[in-house]
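J.: In my numbering, the protein residues as written are 1136 to 1224. Note that the Cβ used here is the ideal one computed from N, Cα and C, for glycine as well. Computed from a predicted structure; not experimentally measured.
The following block contains the structure:
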């Protein structure tokens, strides 16, 4: 997908990835798996309006850094990003 292509070309410029789980060509889970294969320590924030308990368990197994349930506020997003970026140093 475009996201994977852009990431592979600019991986040194990417500090964190935000992804929705519902996307037209590749779902968020497949994207997360592909990105983690390329860079296992990459912080990823997954977002969704609908989340099952099964999916929550799956994302923990994929080492997703944070999960935001829609709708969320800009403040919640910024706090999450700040925390992830601060943790990276």
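Use the C-beta contact count for residue 1163: other C-beta atoms within 10 angstroms, 16 or more gives buried, fewer gives exposed.
T.: The residue is buried, with at least 16 neighbouring Cβ atoms inside 10 Å.
J.: Since residue 1207 is in the beta strand (DSSP E), which residue starts that stretch and which ends it?
T.: Counting along the chain, residue 1207 falls outside any beta strand (DSSP E), and DSSP gives it neither H nor E.
J.: Tell me the DSSP secondary structure of residue 1185 in three-state form.
T.: coil
J.: Kindly indicate which three-state DSSP category residue 1221 falls into: helix, strand or coil?
T.: helix
J.: Per the DSSP calculation, residue 1179 is bridged to which residue(s)?
T.: Looking at the DSSP assignment, residue 1179 forms a beta bridge with 1152.
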